[in-house]
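Undergrad: Could you have a look at this structure, given as structure tokens, before my questions?
Numbering (UniProt numbering), first residue to last: 1 to 430.
Listed below in structure tokens is the structure:
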């Protein structure tokens, strides 16, 4: 099916007026205050190898050809597609890709006039610098890299972690919900920091991830094979390049790869095969590299305030790592394999204050962190192992002190921390 190429932005096209096609916002939309709506449809390009398949699909389902008309290569290694049907419902003129226009920047990031919702950039945010970070590795990254082997060669010094069936259902539904957030809420999951999603410089990995996850929402059955191939192509690209990334882009690649893996598992389960298990092995390799470059700020270990940029990436790394471990447990349970307590994560900080994670400026974050330091004092913040089973040799005083620390932590965490506590509490009774 031939689809005419539309050069005007969406508002000008709907109004049937001339558009000067200025990027990122045309003059008419700028004058009318429609900057958020001024987006340009991508030109239509179709892979000749898929042409016959698309023609066959169109004959069997009249809607498929129209919904697949927005396919276009976004880079040399990846073909992105957008299945968008609301345009045809509003105008009766066939689908149009209502999606932001990107331009590649010299720093390897993308600028966008509209991406993950109306996120304004404050002067504090525009001055963020992720080039000089002070991160320290406090874990054995090799054990993280080889964790997948535990299911086949159980380590003698690890305890089996038996999730109740209800807890496993809860974890699965929460992780599936995370994969739906970009398409339905235009937000990334709660392990991706808001400043990683700044419209001014979103890393390529997250920009592509947001685009690809839009495909899975409201997809047609006939389009599932090609959508899954897009996901796996991007996963392959991330794996090939992750070792060359700087810190910010490495974390984004780790997060995107995890989201793709969860999406394939929850959205394409009827087509399961060994490729997903290969993806988990790769995911743990990327996680190992992420941890090796530092999982905690040096200032956090000293009980002082780190710089904002270092803390953002350290906290994002920890949250993404915890999510990966939960997903690994879901896969093991699905395959009737044992899962083990993550002893290699001992000493890793538990998710931090919700106010710190959601801080909108450097000044407010500094204030929240000063308060955080004064509340936790010399005893230090909560560690992830304090949410694990209480050692049998612990005294009543030690148990009481630990529960008091957990209660203090619970009073300050956000939804992600609450989810993690629900899992550990129902599993270990912490």
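Glycine is no exception: its CB is placed at the ideal position from the N, C-alpha and C atoms.
1. Between residue 90 and the rest of its own chain, which residues show a CB-CB distance below 7 Å, the 5 nearest in sequence each way excluded?
2. Would you check if the stretch 324-335 and the stretch 201-211 touch, i.e. whether three or more CB-CB distances between them fall below 8 Å?
3. Quick check on DSSP: helix, strand or coil for residue 137?
4. Quick one: what does DSSP say residue 297 is sitting in, helix, strand or coil?
5. Using only CA atoms, which one of 215, 166, 388 and 164 lies nearest to residue 182?
6. Given a threshold of 16 other Cβ atoms within 10 Å of its Cβ, counted over all protein chains shown, does residue 185 qualify as buried or as exposed?
7. How would you write the range of the alpha helix (DSSP H) that residue 380 sits in, first residue to last?
8. Apart from the five residues just before and just after residue 281, which ones in its own chain have a Cβ nearer than 8 Å to its Cβ?
9. What does a CB cutoff of less than 6 Å around residue 128 pick up in its chain, not counting 5 residues either side in sequence?
10. Which residues does DSSP pair with residue 160 in a beta bridge?
11. Which residues in the same chain as residue 359 place their Cβ atom closer than 7 Å to its Cβ, once the five residues preceding and following it in sequence are excluded?
12. Quick check on residue 139: buried or exposed, where buried means 16 or more other Cβ atoms within 10 Å of its Cβ?
13. Please list, in chain order, all residues of the same chain as residue 164 whose beta carbon is under 8 Å from its beta carbon, the five residues on each side excluded.
14. Report the partner residues of residue 349 according to the DSSP bridge assignment.
15. For the pair the stretch 185-194 and the stretch 229-241, tell me if three or more CB-CB distances fall below 8 Å.
16. Could you check the C-alpha separation between residue 432 and residue 373 for me, to the nearest Å?
17. So the candidates are 334, 250 and 315; which of them puts its Cα closest to the Cα of residue 266?
18. From this set, 268, 152, 179 and 254, which residue's C-alpha is nearest residue 222's C-alpha?
19. Would you kindly check if the distance between the Cβ of residue 135 and the Cβ of residue 348 is under 9 Å?
TA: In this structure, then:
1. Annotation note: pLDDT 37 at residue 90 (below 50); position unreliable, no value reported.
2. Contact between the stretch 201-211 and the stretch 324-335 is absent: fewer than 3 CB-CB pairs across the two stretches fall below 8 Å.
3. Look at residue 137 here: in three-state DSSP terms it is coil, with no helix or strand label.
4. Looking at residue 297 - three-state DSSP - the assignment turns out to be strand.
5. Closest option to residue 182, Cα to Cα, is 215.
6. Around the CB of residue 185, fewer than 16 other CB atoms lie within 10 Å, so the residue is classed as exposed.
7. Per DSSP, residue 380 is not a residue of any alpha helix (DSSP H), being assigned neither H nor E.
8. Taking residue 281 as the centre and dropping the five residues before and after it, the same chain places the C-beta of 148 closer than 8 Å to its C-beta, in chain order.
9. Result list for residue 128: 309, in chain order.
10. In the DSSP assignment, the residues bridged to residue 160 are 340.
11. Result list for residue 359: 365 and 368, in chain order.
12. Buried.
13. Excluding its 5 nearest sequence neighbours in each direction, residue 164 has C-beta neighbours in its own chain below 8 Å: 426 and 427, listed in chain order.
14. BP columns for residue 349 point to 383.
15. Counting Cβ pairs under 8 Å, fewer than three are found: no touch.
16. Examination of residue 432 is not possible in this model, given that the chain is present from 1 through 430 alone.
17. Ranking 334, 250 and 315 by Cα distance to residue 266 puts 334 first.
18. The shortest Cα separation from residue 222 among 268, 152, 179 and 254 belongs to 268.
19. In this structure, residue 135 does not lie closer than 9 Å to residue 348 by Cβ.
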